[in-house]
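Have a look at the structure below before the remarks.
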Amino acid sequence: MKLDQVREKIDAIDPQIRSLLMERLDCSKMVAEAKQEAGEINIYRADREQAILKKLSQGVPEDRLPEYLAVVRKIMETSRMYQYGMLFDWNPQLFAKLAENIEIRPGGTRVVVRLTRPDQPNAMSSILNMVGDYGYNMQYMELLHFNKPEKTVTFDLTILGDLSETNMQKLMFQLSKESQDFQILKNE
Numbered sequence: 001m002k003l004d005q006v007r008e009k010i011d012a013i014d015p016q017i018r019s020l021l022m023e024r025l026d027c028s029k030m031v032a033e034a035k036q037e038a039g040e041i042n043i044y045r046a047d048r049e050q051a052i053l054k055k056l057s058q059g060v061p062e063d064r065l066p067e068y069l070a071v072v073r074k075i076m077e078t079s080r081m082y083q084y085g086m087l088f089d090w091n092p093q094l095f096a097k098l099a100e101n102i103e104i105r106p107g108g109t110r111v112v113v114r115l116t117r118p119d120q121p122n123a124m125s126s127i128l129n130m131v132g133d134y135g136y137n138m139q140y141m142e143l144l145h146f147n148k149p150e151k152t153v154t155f156d157l158t159i160l161g162d163l164s165e166t167n168m169q170k171l172m173f174q175l176s177k178e179s180q181d182f183q184i185l186k187n188e
């Protein structure tokens, strides 16, 4: 098959992918609505996501498995972002608790947070992706502690952005739900 023919095939497939992704996001919205109705604010369940990845990887050729799983992980990350965004919009008081002792003023340039994540593949890359997906850049990441018995790592992250912006607040909310011991340390 010639390159132009392959590109035509890709161009025919992409709208189908878009349609399925929109349907997937519609389901994500229903999950968020059900969680809101139940008073539940936790979306991320590592055990469920691992089970989904294991199930969906069955039958995928080995030579494509890492790439396939990367795409599936990204779909799940995006779904969680969408759901947490809705929960944030419906429950603005949740962010207020995270920023209790932090002065929030327009024009800030960076936010420093501390969080603990499992020491396993993709644990920190999902955080870095999350920061970028919300439209921000990571300026600095400092490893503070490696807890070998619990298999966790604790980091301070400096994120370039303004804590008074809604997207930054949504990012903080999602980070708080997908990590342990989350704290906003500074808003500069």
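Counted from 1, the sequence shown has number 173 at position 173 by the UniProt record's numbering; the numbering is strictly sequential.
For every residue, glycine included, the Cβ atom is placed at its ideal position computed from N, Cα and C.
Because the structure is a prediction, the values reported are computed rather than measured.
With 16 as the cutoff for other CB atoms within 10 Å, does residue i come out buried or exposed?
i      : result
Gly108 : buried
Ala12  : exposed
Glu188 : exposed
Gln58  : exposed
Arg80  : buried
Skipping 5 residues on each side, what residues in its chain have a beta carbon closer than 6 Å to that of residue i?
i           : result
residue 211 : Outside the shown range of the chain (1 to 188) lies residue 211, about which nothing can therefore be said.
Ser176      : Leu98 and Phe182
Met30       : none
Which same chain residues end up closer than 7 Å to residue i when comparing Cβ atoms and leaving out the 5 residues on each side of it in sequence?
i      : result
Val60  : Tyr68
Ala123 : Arg117
Give the C-beta separation of residue i and residue j to the nearest angstrom, bearing in mind that I take them to be a contact with Cβ-Cβ under 8 Å.
i      : j      : result
Met168 : Tyr136 : 7 Å
Pro118 : Thr152 : 6 Å
Lys186 : Gly85  : No, Lys186 and Gly85 are not in contact; Cβ-Cβ is about 24 Å, not under 8 Å.
Output needed for residue i: all residues of its chain with C-beta closer than 8 Å, excluding positions within five of it in sequence on either side, in chain order.
i      : result
Leu87  : Ala32, Lys35, Gln36, Ile41, Ile43, Leu94 and Phe173
Glu77  : Ser126, Asn129, Met130 and Asp133
Leu144 : Arg114, Thr154, Phe155 and Asp156
| Validate contact between the region 100–107 and the region 154–170 using beta carbons, cut 8 Å, 3 pairs | yes
| message | Below 8 Å, how does it come out for the region 120–128 and the region 92–100: are there three or more Cβ pairs, yes or no? | response | no
| field | Contact the region 64–79 vs the region 43–56: 3+ CB pairs below 8 Å | value | yes
| message | Just to confirm the assignment: which complete alpha helix (DSSP H) runs, minimum length 4, are found wholly within the region 27–79? | response | 46–57
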